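Student: Take a look at the following structure, please.
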Amino acid sequence: MISPLASIHPNAKLGNNVIIDPFAVIHDQVTIGDGTHIMSHAVIMQHSIIGRNCRIFPGAVIGGIPQDLKFKGEETTAEIGDNTTIRECVTVNRGTKDKWKTTVGSNCLLMAYAHVAHDCTVGDHVILANCVQLAGHVEIGEYAIIGGLAGAHQFTRIGAHTYVAGHTVIRKDVPPYVKAAREPMSYMGLNIVGLQRRGFAQEKIDTISQIYHLLFVGNHSTTTALEMIENKVPDNETRAEILRFIKESKIGIIKRYSKNGVDED
Numbered sequence: 001m002i003s004p005l006a007s008i009h010p011n012a013k014l015g016n017n018v019i020i021d022p023f024a025v026i027h028d029q030v031t032i033g034d035g036t037h038i039m040s041h042a043v044i045m046q047h048s049i050i051g052r053n054c055r056i057f058p059g060a061v062i063g064g065i066p067q068d069l070k071f072k073g074e075e076t077t078a079e080i081g082d083n084t085t086i087r088e089c090v091t092v093n094r095g096t097k098d099k100w101k102t103t104v105g106s107n108c109l110l111m112a113y114a115h116v117a118h119d120c121t122v123g124d125h126v127i128l129a130n131c132v133q134l135a136g137h138v139e140i141g142e143y144a145i146i147g148g149l150a151g152a153h154q155f156t157r158i159g160a161h162t163y164v165a166g167h168t169v170i171r172k173d174v175p176p177y178v179k180a181a182r183e184p185m186s187y188m189g190l191n192i193v194g195l196q197r198r199g200f201a202q203e204k205i206d207t208i209s210q211i212y213h214l215l216f217v218g219n220h221s222t223t224t225a226l227e228m229i230e231n232k233v234p235d236n237e238t239r240a241e242i243l244r245f246i247k248e249s250k251i252g253i254i255k256r257y258s259k260n261g262v263d264e265d
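Just so we're aligned, residue 1 is where the sequence shown starts under full-length UniProt numbering, counting upward by one.
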């Protein structure tokens with residue numbers, strides 16, 4: 001199951017039933033979980049941790065040092081969860097001393113040429129389509145889907161169960177459960193299809209809809225909208241999650257699309 005033509009450092013730790021194809025390269029201080037398949041010409045660099053039953057396709061490079069001039073060689077990691085697929089020429093860099101690691105969750109799909117920079121946190125069940133580019137410190141919640149050729153500015157956050165259209169530039173935080181598209185990237189409604197596919201109860205979807213109607217459709221300032229949400233929407237886990245995401249935003253959230261091409265206040 002391990003080709004004699006692969007280059008594997010003697011200190012690498014390989015689980016059971018690992019498959020390593022010819023010309024794959026496994027560096028020192030690498031851990032690879034049971035059942036994972038590392039394909040030809042993939043490179044797993046120092047301090048990488050790969051979960052179980054992953055598939056790493058040709059040309060992918062996991063664990064390269066950060067493309068950050070502040071990096072001084074500290075021992076950081078790049079960590080990939082179980083059952084995740086990394087397609088051709090994807091790059092996942094190690095962390096810096098900010099978070100000490102870059103993480104990609106379990107059951108994710110990173111399509112060809114996607115890039116995950118230092119200190120990113122990618123949740124479980126996330127899909128990054130072809131050529132998605134994540135700058136450093138980006139956070140993506142579970143079940144988010146990012147369309148091809150989209151790019152996320154450093155320190156942006158993309159909430160759980162979101163859908164971000166291809167070719168978009170992500171400069172602001174994208175709250176959970178919404179669709180985002182256009183330039184500048186704007187709120188385009190709820191991710192209804194995604195929520196229904198994942199079995200969300202209609203009552204929960206109605207609560208999410210009410211919250212975002214007040215926030216985006218009512219032509220209120222963000223501060224006023226948050227007060228209205230707290231007054232009009234019953235307190236529950238969903239409301240708390242959305243309010244917490246918005247209040248913790250350091251760079252601001254996306255706005256409703258404006259026909260004049262400027263985000264509405």
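Even for Gly, the Cβ is constructed at its ideal location relative to N, Cα and C. The model shown is predicted, which means the values in this text are computed figures rather than measured ones.
1. What residues in its chain sit with their C-beta under 6 Å from that of K99, if we drop five residues either side in the sequence?
2. Taking the alpha helix (DSSP H) that N231 belongs to, which residues open and close that run?
3. Is any heavy atom of the ligand NAD found at a distance shorter than 7 Å from the C-beta of P22?
4. Nearest CA to the CA of Q67: which residue from V174, V116 and I205?
5. On a CA-only basis, which of K172, T168, V217 and N231 is nearest L190? Give me that one, please.
6. Go to V92, then tell me how far its beta strand (DSSP E) extends in each direction, as first and last residue.
7. Does D206 come out as helix, strand or coil in the three-state DSSP assignment?
8. List the endpoints of the continuous alpha helix (DSSP H) containing residue 330.
9. Taking 8 Å as the limit between beta carbons, can you name the residues of its chain near residue 268, skipping five residues before and five after?
10. In its own chain, which residues sit with a C-beta less than 6 Å from the C-beta of E264, not counting the 5 before and 5 after it?
11. Using 8 Å as the threshold, is the C-beta distance between P175 and I246 below it?
12. Which residues in the same chain as I145 place their Cβ atom closer than 8 Å to its Cβ, once the five residues preceding and following it in sequence are excluded?
13. Short of 8 Å in beta carbon distance, which residues of its chain neighbour H47, apart from the five on each side in sequence? Order them along the chain.
14. Going by C-alpha distance, which of I80, M1 and V25 is nearest I11?
15. Let me check understanding here. Comparing Cα to Cα, which of I50, G147 and I19 lies closest to N107?
16. Is H213 helix, strand or coil when you go by DSSP?
17. Compare the C-alpha of H153 against each of S3, E203, I170 and H9 and name the closest.
18. I need the straight-line Cα distance from Q202 to T91, nearest angstrom please.
19. Mapping DSSP to helix, strand and coil, what is L149?
20. What distance in whole Å lies between the Cβ atoms of A160 and G141, which are believed to be in contact at a cut-off of 8 Å?
21. Check whether the Cβ atoms of D124 and S249 sit closer than 8 Å, and answer yes or no.
22. Return the bridge partner residues of H115 from the DSSP annotation.
23. In whole angstroms, what separates the C-alpha of S186 from that of G73?
Tutor: Quick look at the numbers:
1. Indexing the sequence shown from 1 puts residue 99 at position 99. D119.
2. To locate residue 231, count along the sequence shown from 1; it is residue 231. N231 -> alpha helix (DSSP H) spans T222 to K232.
3. Ligands in the displayed structure: none, and consequently the ligand NAD is not present.
4. Within the sequence shown, numbered from 1, the residue matching residue 67 stands at position 67. Of V174, V116 and I205, the residue nearest in Cα terms is V116.
5. Along the sequence shown, one-based indexing puts residue 190 at 190. Ranking K172, T168, V217 and N231 by Cα distance to L190 puts V217 first.
6. Along the sequence shown, read from residue 1 onward, the residue named residue 92 stands at position 92. Run containing V92: T91 to N93, per the beta strand (DSSP E) assignment.
7. Locating residue 206 in the sequence shown gives position 206, counting from the first residue. In this structure, D206 counts as helix in the three-state DSSP scheme.
8. Any question about residue 330 goes unanswered here, given that the chain covers just 1 to 265.
9. The requested residue 268 is not part of the displayed model; the chain covers only 1 to 265.
10. Taking the sequence shown and counting its residues from 1, the one referred to as residue 264 is at position 264. In this prediction, E264 has a pLDDT of 41, which is less than 50 and means its spatial position is unreliable; what the coordinates show is noted afterwards. So the qualifying residues of the chain are K255, R256 and S258.
11. As a working mapping, residue 175 is identified with position 175 in the sequence shown. As a working mapping, residue 246 is identified with position 246 in the sequence shown. Cβ distance < 8 Å, so P175 and I246 count as in contact.
12. Translated into positions along the sequence shown, residue 145 becomes position 145. Excluding positions up to five away in sequence, the list reads V126, I127, A129, T162, Y163, V164 and G194.
13. Position 47 of the sequence shown, counted from the first residue, corresponds to residue 47. For H47, where only same-chain residues beyond five positions count, the Cβ hits under 8 Å are Q29, V30, G63, E75, T76, T77, A78 and R94.
14. Here residue 11 refers to the residue found at position 11 of the sequence shown. The residue asked about is misnamed: residue 11 is Asn in this sequence, not Ile. Considering only alpha carbons, the answer is V25.
15. One-based indexing of the sequence shown puts residue 107 at position 107. With distances taken between Cα atoms, N107 lies closest to I50.
16. As a position in the sequence shown, residue 213 is number 213, starting the count at 1. Helix.
17. Numbered from its first residue, the sequence shown carries residue 153 at position 153. Cα-wise, what sits closest to H153 is I170.
18. To locate residue 202, count along the sequence shown from 1; it is residue 202. To locate residue 91, count along the sequence shown from 1; it is residue 91. Their Cα atoms are separated by approximately 39 Å.
19. In the sequence shown, residue 149 corresponds to position 149, counting from 1. L149: coil per DSSP, three-state reduction.
20. To locate residue 141, count along the sequence shown from 1; it is residue 141. To locate residue 160, count along the sequence shown from 1; it is residue 160. 3 Å between Cβ atoms; contact.
21. Position 124 of the sequence shown, counting from 1, holds the residue named residue 124. Position 249 of the sequence shown, counting from 1, holds the residue named residue 249. Cβ distance not < 8 Å, so D124 and S249 don't count as in contact.
22. By 1-based counting over the sequence shown, the position of residue 115 is 115. H115 is bridged to T91 and Q133.
23. Counting from 1 along the sequence shown, the entry for residue 186 is found at position 186. Counting from 1 along the sequence shown, the entry for residue 73 is found at position 73. Their Cα atoms are separated by approximately 38 Å.
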